[in-house]
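Quick notes on the structure that follows.
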Amino acid sequence: MSEPNGTALSPGEDATGTGVSTAQVVRDLAELRGTGRYAVTIGRFDGVHLGHRHLIHLTTDSARHEGLRSLVITFEPHPEQVLRPEVVASRLTMPAEKESLLTTTGADAVAILPFTPEFSRWLPEQFIDLLIDTVQMRELWVGEDFVFGYKRSGTPERLAQLGVERGFMVRRVPRIRLHGTEMISATNIRRHIAAGHVALAARLLGRPYALEGIVVHVAKRGRTLGYPTANLDHPPELVVPALGIYATLVDVPATVERHPAMTSIGVRPVFDNGERLVEAHLLDWNGDLYDRPLTLHFLEWLRPEEHFPSVDALVEQMGRDGLHTRRIVQEYRSRPAS
């Protein structure tokens, strides 16, 4: 496997958005009743990638020009969890991270509405009427492939018809491509992460992909080799990069700076115990991380998992991986923020 050419975005480079949490967050549209007229955008917004940010930016920009407030609407749990509970939904962001990212997009308000079996049976006009009643919706901004409502009956044509009938404008926004070639979509980003193309995924997301979880107790072979690792128990919904070794940055609780780490995903061939693990060796950290939350930010794929003839050969390679990781992190941190 080879990493695509190019580099991840620099720290702070997330295209549109303020980078500062300013939006009011609500769980019920009734909380916004009487606060003004709104330009609204609706979506799952998994990953809050550059395409999502572009759509939200157009919504907020139009709202400012038209004297409206801007509202981003999304749903939790993931609709697939309700419609197909037997299938584990594949996600780029867990609810808390998605909420945090959406509040920094520059919108006036973010509504995170419960997606329930009852709600899944709503007709498009029911939800549109709710939006008109609660937030006096004047504009609705959606992606070009957006559909909603019972049996996906809220097609672009039906939306346009409802706009004429209810007195609001419908704006459909085409998908955008990175450098005019690479489609920016959650599906495409998940595919690249699953293939190990984490640097390309970072460019589509506007930031490195983050895998969060809790550090758990496992066999401490890494410590005996001089490379103690934090073993991450992550939510099963989150996309896991392909097997291999990665340069990562790690958020450690109660510290401000992200710590460089080389992270291994997959089975450990030398010990051949068949166990798939996510293991991060933090290069500048000696503290106890057990039972603490940790977030890994994936910068670049380093190499595949390999079978080494001896433990000494493995340790030598880990030393080279550490040096390579430090160079990647130094380069990443040296890029000017936008």
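Sequential numbering of the sequence shown, starting at 1, is according to UniProt numbering. From the three backbone atoms N, C-alpha and C, an ideal C-beta is built for every residue, glycine too.
Residue closest to residue i, alpha-carbon to alpha-carbon, out of the options
i	options	result
F119	G43, F75, V88 and T93	F75
G167	F308, Y38, V311 and V315	Y38
L299	E331, A313, W141 and E279	E331
T229	A111, W285 and L32	W285
G287	S334, V198 and V215	V215
S264	H234, L302, E237 and P236	L302
N231	I189, L296 and R177	L296
F146	R44, G322 and S334	R44
Identity of the residues DSSP links to residue i by a beta bridge
i	result
A261	T248 and L282
D233	I214
E24	The identity of residue 24 in the sequence shown is Gln, whereas the question assumes Glu. DSSP lists A109 as partners of Q24.
T295	E212 and D251
residue 340	The shown model of the chain, from 1 to 338, leaves out residue 340, and the question about it has no answer.
V173	G143
Within 8 Å, strictly: CB atoms of residue i and residue j
i	j	result
L294	V239	no
I73	L113	yes
L102	V40	no
P253	R292	yes
P124	G154	yes
H192	A186	no
A242	G196	yes
residue 339	E237	The question about residue 339 has no answer here: the residues shown for the chain are numbered 1 through 338.
L92	R175	no
G47	L277	no
Residue i, DSSP secondary structure in three states
i	result
Q136	coil
V142	strand
A39	strand
G154	strand
T74	strand
V311	helix
H197	coil
E31	helix
A242	coil
G322	helix
R335	coil
L289	coil
R207	coil
Below-8 Å beta-carbon distance, residue i vs any chain D residue
i	result
S185	No chain D appears in this structure, which consists of one protein chain only.
Residue ranges of each beta strand (DSSP E) run of no fewer than 3 residues wholly in the stretch 76–133, ordered along the chain?
109–114
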